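**Student:**
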Amino acid sequence: MRATGVGSLPGENYPEAVRVVLGELADLPYLPELPARGAIANMTGRALAVLDGLDADLQPAGWRLTGTGGSPGVDHRRARSLLAQDLDTLEELAQDSALVAGGGAFKVQVTGPWTLAATVERPRGDKLLADHGARRELAQALAEGVRTHIRDVRRRLPGAQDVIVQVDEPALPAVLNAQVPTASGFGKHRSIDLPEASQGLEWVLGAIADEGATPWVHSCAPGTPLGLLRTAGAQGLSVDLAQLSAADHDELASSLEAGDTVALGVVPALAPDSAPTDKTVTETVERWLDMLGLDASHDIVLTPACGLAGADWQWARTVSRILGESARHLA
700 MRATGVGSLP
710 GENYPEAVRV
720 VLGELADLPY
730 LPELPARGAI
740 ANMTGRALAV
750 LDGLDADLQP
760 AGWRLTGTGG
770 SPGVDHRRAR
780 SLLAQDLDTL
790 EELAQDSALV
800 AGGGAFKVQV
810 TGPWTLAATV
820 ERPRGDKLLA
830 DHGARRELAQ
840 ALAEGVRTHI
850 RDVRRRLPGA
860 QDVIVQVDEP
870 ALPAVLNAQV
880 PTASGFGKHR
890 SIDLPEASQG
900 LEWVLGAIAD
910 EGATPWVHSC
920 APGTPLGLLR
930 TAGAQGLSVD
940 LAQLSAADHD
950 ELASSLEAGD
960 TVALGVVPAL
970 APDSAPTDKT
980 VTETVERWLD
990 MLGLDASHDI
1000 VLTPACGLAG
1010 ADWQWARTVS
1020 RILGESARHL
1030 A
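Following the numbering used here, the numbering of the sequence shown begins with 700 at its first residue and continues without gaps.
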């Protein structure tokens, strides 16, 4: 039993965020995301920094692709530079950890192709979701970019035996159910059929597996099709326990029995009126396992319910501590 974070943390102090992750979640640390630093640091900006062969710039309405000419906008260049700087910081602060000495595991996050398609605009306006060719090109560029990203992480953390790439797809249910608004705001984009949705994910998840890394998919949105994620190649499913349906519980049980990982969101992302303790979290996970007829020998990772960008630093530290202690109890 291990504990980790979903990805985002509050504030703008990146070295401090890395120290907290390495200190509190040493069994499975991750590359923090601090969206408070602006659009170049949010989940969309981070993913665009990884893209291979597509250029983007930042408009008042958000990120927009500009083509394939090798001329990224100034904000796109800043996003790539910031990611490199953050990896430099991680490399420096991880020198005394197993990530360098050997035997460690490490997780990075990247926004998935369907959430990107629902977020980023095409050059002539409206979301990439409206254009079949653009959707395909985006997924393939993301797949190639993730390959390079994994190699860069391995170069910096030579002791990381297991590199996990968490593909974030919070918008996937909206994409599949025609709930993404058009640019005018008066309509919705057409739903994406399941074979195309699966193929886009397969390109990205397959690229991760080809590099010898472990592909996970995370979504804390209700209605996420967990079966689709598994058939597309996800070897780990990261979910919010409070959002699960009965069918989701069955899918997660099947995933665990097949030897895959379930990252279970068990602590609120925002501080509640009555904060849980490591004891109550441990009991919650034990009840869930009892309900499924399973035990703690399966590969379960404890996480917050979702990202912690909206929390304060006190709660973010508390969450990391609670998760770490709960994982030790269950182990």
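A virtual CB, placed ideally from N, CA and C, is assigned to each residue, including glycine. Source: prediction; values computed, not measured.
(1) Which whole runs of the alpha helix (DSSP H) in the region 929-969 are 4 residues long or more, in chain order?
(2) From the DSSP output, in three-state form, read off I849 for me.
(3) Would you grab the beta carbon distance between A962 and A1010 for me? Rounded to a whole angstrom, and I think it's under 8 Å.
(4) So, helix, strand or coil for H831, using DSSP?
(5) Using only the alpha-carbon positions, how far apart do T818 and D825 sit?
(6) Measure from the alpha carbon of S954 to the alpha carbon of each residue in E820, L733, L993, D989, then state which is nearest.
(7) Would you list the one or two residues that DSSP bridges to S707?
(8) Look at the alpha carbon of P822 and the alpha carbon of R777, and state the distance between them as a whole number of angstroms.
(9) Between the Cα of A1031 and the Cα atoms of L951, V1000, L1007, which residue gives the shortest distance?
(10) A941: buried (16+ other C-beta within 10 angstroms of its C-beta) or exposed?
(11) Would you please state the rounded distance, in angstroms, between the beta carbons of Q1032 and G935? I believe it to be under 8 Å.
(12) Counting only the same chain and skipping the five closest in sequence on each side, list residues whose C-beta sits under 8 Å from that of V980.
(13) On the DSSP bridge list, what partners appear for R701?
(14) What three-state label does DSSP hand G761 in the structure shown?
(15) Taking contact to mean 3 or more Cβ pairs, one atom from each stretch, closer than 8 Å, check whether the region 829-840 and the region 755-762 are in contact.
(16) Between S883, D726, V866, Q1013, which lies nearest to C919 when the distance is taken from Cα to Cα?
(17) In the DSSP output, what is V879 paired with across the bridge?
(18) Do N741 and P731 come within 8 Å of each other at the CB atom, strictly closer than that value?
(19) So, is the C-beta of H831 closer than 8 Å to a C-beta in chain B?
(20) Evaluate the contact criterion for the region 775-793 versus the region 708-719: three or more CB pairs, one atom per stretch, below 8 Å.
(21) Pull up the distance between the alpha-carbon of L951 and that of P857, whole angstroms please.
(22) Count Cβ pairs between the region 882-890 and the region 902-921 that sit closer than 8 Å; are there 3 or more?
(23) Using a Cβ-Cβ cutoff of less than 8 Å, which residues in the same chain neighbour F805 once the five nearest sequence positions on both sides are dropped?
(24) Just verifying my parser: in three-state terms, what is the DSSP assignment at R820?
(25) By Cβ distance, which residues of its chain are closer than 7 Å to V845, with the 5 residues on each side in sequence left out?
(26) Report the partner residues of G803 according to the DSSP bridge assignment.
(27) State the Cα-Cα distance for the pair D892 and L875, rounded to the nearest angstrom.
(28) Where does T685 sit, in a helix, a strand or coil, going by DSSP?
(29) Quick check on DSSP: helix, strand or coil for A755?
(30) Can you tell me whether P921 is buried or exposed? The criterion is at least 16 other CB atoms within 10 Å of its CB, across all chains shown.
(31) Give a yes or no on whether the C-beta atoms belonging to P872 and T814 are separated by under 8 Å.
**Tutor:** To lay it out plainly:
(1) Runs of the alpha helix (DSSP H) inside the region 929-969: 945-956.
(2) One-based indexing of the sequence shown puts residue 849 at position 150. Three-state DSSP puts I849 in a helix.
(3) As a first step, residue 962 is located in the sequence shown; it is residue number 263 there, counting from the start. As a first step, residue 1010 is located in the sequence shown; it is residue number 311 there, counting from the start. Actually they do not touch by this definition, with Cβ atoms about 18 Å apart.
(4) Numbered from 1 along the sequence shown, position 132 holds the residue referred to as residue 831. DSSP places H831 in helix when its eight states are reduced to three.
(5) Against the sequence shown, residue 818 aligns to sequence position 119. Against the sequence shown, residue 825 aligns to sequence position 126. Straight-line Cα distance between these residues: approximately 9 Å.
(6) Here residue 954 refers to the residue found at position 255 when the sequence shown is read from its first residue. Scanning E820, L733, L993, D989 for the CA closest to the CA of S954 turns up L993.
(7) Position 8 of the sequence shown, counted from the start, is the residue given in the question as residue 707. In DSSP, S707 forms a bridge with E732.
(8) Along the sequence shown, read from residue 1 onward, the residue named residue 822 stands at position 123. Along the sequence shown, read from residue 1 onward, the residue named residue 777 stands at position 78. So the two alpha carbons sit approximately 20 Å from each other.
(9) The chain is shown only over 700 to 1030; residue 1031 falls outside these bounds and no answer can be derived.
(10) Sequence index remark: in the sequence shown, residue 941 carries index 242 (1-based). By the neighbour-count criterion, in which 16 or more other beta carbons inside 10 Å mark a residue as buried, A941 falls on the exposed side.
(11) Here the chain comprises residues numbered 700 to 1030, so residue 1032 is not present and cannot be evaluated.
(12) If you number the sequence shown from 1, residue 980 lands on position 281. Answer for V980: V965, V966, L1001, I1021, L1022, S1025, listed in chain order.
(13) If you number the sequence shown from 1, residue 701 lands on position 2. BP columns for R701 point to V1000.
(14) Within the sequence shown, the letter at position 62 stands for residue 761. In the structure shown, G761 sits in a strand (DSSP, three-state: E or B).
(15) no
(16) Along the sequence shown, read from residue 1 onward, the residue named residue 919 stands at position 220. Of S883, D726, V866, Q1013, the residue nearest in Cα terms is V866.
(17) To locate residue 879, count along the sequence shown from 1; it is residue 180. None, per the DSSP bridge assignment.
(18) Indexing the sequence shown from 1 puts residue 731 at position 32. Indexing the sequence shown from 1 puts residue 741 at position 42. No, they are not a contact pair.
(19) Checking the listed chains, one finds no chain B in this structure; it contains a single protein chain.
(20) yes
(21) Start at 1 with the first residue of the sequence shown, and residue 951 comes out as number 252. Start at 1 with the first residue of the sequence shown, and residue 857 comes out as number 158. Their backbone Cα atoms lie some 32 Å apart in a straight line.
(22) No, the region 882-890 does not touch the region 902-921.
(23) One-based indexing of the sequence shown puts residue 805 at position 106. These residues qualify, in order along the chain: L727, P728, Y729, L730, L798, V852, L856, A859, D861, V862, I863.
(24) The residue you call residue 820 lines up with position 121 of the sequence shown. According to the sequence as given, residue 820 is Glu; it is not Arg. It is a strand residue.
(25) Working through the sequence shown from its first residue, we reach residue 845 at position 146. Excluding sequence neighbours, V845 sits near V749, V809, V864, V903, A906, I907.
(26) Your numbering for residue 803 matches position 104 in the sequence shown. Answer is A859, bridged to G803.
(27) Locating residue 892 in the sequence shown gives position 193, where the first residue counts as 1. Locating residue 875 in the sequence shown gives position 176, where the first residue counts as 1. Their Cα atoms are separated by approximately 7 Å.
(28) Outside the modelled stretch of the chain, which goes from 700 to 1030, sits residue 685, for which no answer is possible.
(29) Taking the first residue of the sequence shown as position 1, residue 755 is located at position 56. Looking at A755 - three-state DSSP - the assignment turns out to be strand.
(30) As a first step, residue 921 is located in the sequence shown; it is residue number 222 there, counting from the start. The residue is exposed, with fewer than 16 neighbouring Cβ atoms inside 10 Å.
(31) Locating residue 872 in the sequence shown gives position 173, counting from the first residue. Locating residue 814 in the sequence shown gives position 115, counting from the first residue. No, Cβ-Cβ distance for P872 and T814 is not below 8 Å.
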